[in-house]
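Structure first, then comments.
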């Protein structure tokens, strides 16, 4: 599996070299736009809305619309000034109990795989999180964007869960929500009975995206006579990695916190 990011988890003086992998798989088949008459693939062109002419990429800039018909043009230098500082470290700022974080903030999971030199420290962090029933909260830069994340144990794995910032959550005040006084005690009791009757252990594997499965079956039927060739991936040689004394780093970190 090819990582999308490589760096380290940092807490105290402990550094854990890791590789970051996407924790989700895109199940939807990749479809392309084509001309119906002859199957020719269709591409998008960047066209000016006013004169209909295609605009070369080197003439395109980004602008912010601040009122009808008026735009503020942003130059490359503006984006550099606003750009998050790239680091190769996921810095854990604090640890919190996971039930303190509402699931509305959860956005996307990623898998953290340790490098060879970081395996012991990886196990240490994983077991310490399990023991304390906490998760690590931190920030790092992924694809030029700053990301708020938690690191949590999941079996033998450490999962990095990307979170939404509080400012990204839409306020509820604009919604017309009913009060709890609109139902009777008897109605509530019946609702609770029904929920209790339907309550079972959650088994995610029993749920499937039927649309995707049917669509894949239709595609397979149409291309069953065709063959595909799998591309070979080049092998990579890796240099030997250093062994780190975790205990001394932990003791030094605790000493620094105490002072």
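Numbering (full-length UniProt numbering), first residue to last: 1 to 259. Where is the CB? At the ideal position from N, CA and C, for every residue including glycine.
Buried versus exposed, by CB contacts within 10 Å (16 or more), residue i
i, result
"residue 90", "buried"
"residue 50", "exposed"
"residue 158", "buried"
"residue 218", "exposed"
"residue 11", "buried"
"residue 227", "Note that residue 227 has pLDDT 49, beneath the 50 cutoff, so the model's placement of it is unreliable and no number is given."
"residue 29", "exposed"
"residue 204", "exposed"
"residue 1", "exposed"
"residue 178", "exposed"
"residue 231", "In this predicted model, residue 231 has a pLDDT of only 39, less than 50, meaning its place in the structure is not dependable; the value taken from the coordinates is given anyway. Exposed."
"residue 229", "Note that residue 229 scores 36 on pLDDT, short of 50, meaning its location in the model is unreliable; the coordinates nonetheless yield the value given after this. Its Cβ having fewer than 16 others within 10 Å, residue 229 is exposed."
"residue 194", "exposed"
"residue 153", "buried"
"residue 210", "exposed"
"residue 81", "exposed"
"residue 175", "exposed"
"residue 37", "exposed"
"residue 252", "exposed"
"residue 125", "buried"
CB contact flag (residue i, residue j, <8 Å)
i, j, result
"residue 147", "residue 162", "yes"
"residue 105", "residue 21", "no"
"residue 136", "residue 72", "no"
"residue 54", "residue 62", "no"
"residue 142", "residue 151", "no"
"residue 16", "residue 6", "no"
"residue 149", "residue 138", "yes"
"residue 223", "residue 113", "no"
"residue 164", "residue 107", "yes"
"residue 42", "residue 33", "yes"
"residue 121", "residue 192", "no"
"residue 199", "residue 140", "no"
Residue i: first and last residue of the uninterrupted alpha helix (DSSP H) it sits in
i, result
"residue 127", "119 to 132"
"residue 79", "76 to 82"
Start-to-end residues for the beta strand (DSSP E) that takes in residue i
i, result
"residue 19", "14 to 22"
"residue 38", "First-last for residue 38: undefined, no H or E at that position."
"residue 159", "157 to 163"
"residue 91", "89 to 97"
"residue 145", "145 to 154"
"residue 31", "Counting along the chain, residue 31 falls outside any beta strand (DSSP E), and DSSP gives it neither H nor E."
"residue 4", "Looking at the DSSP string, residue 4 is not in any beta strand (DSSP E), and its letter there is neither H nor E."
"residue 100", "Segment: none, residue 100 is in no beta strand (DSSP E) and carries neither H nor E."
"residue 108", "106 to 114"
So, do the region 187 to 195 and the region 114 to 125 have three or more beta carbon pairs nearer to each other than 8 Å?
no
Output the residue ranges of the alpha helix (DSSP H) runs that lie fully inside the region 176 to 215 and measure 4 residues or longer, sorted by chain position.
185 to 198
Do the region 20 to 37 and the region 123 to 133 meet, that is, are 3 or more Cβ pairs less than 8 Å apart?
no
Identify every run of the beta strand (DSSP E) within the region 44 to 79, keeping only runs that are complete inside it and at least 3 residues long; order them along the chain.
62 to 67, 70 to 74
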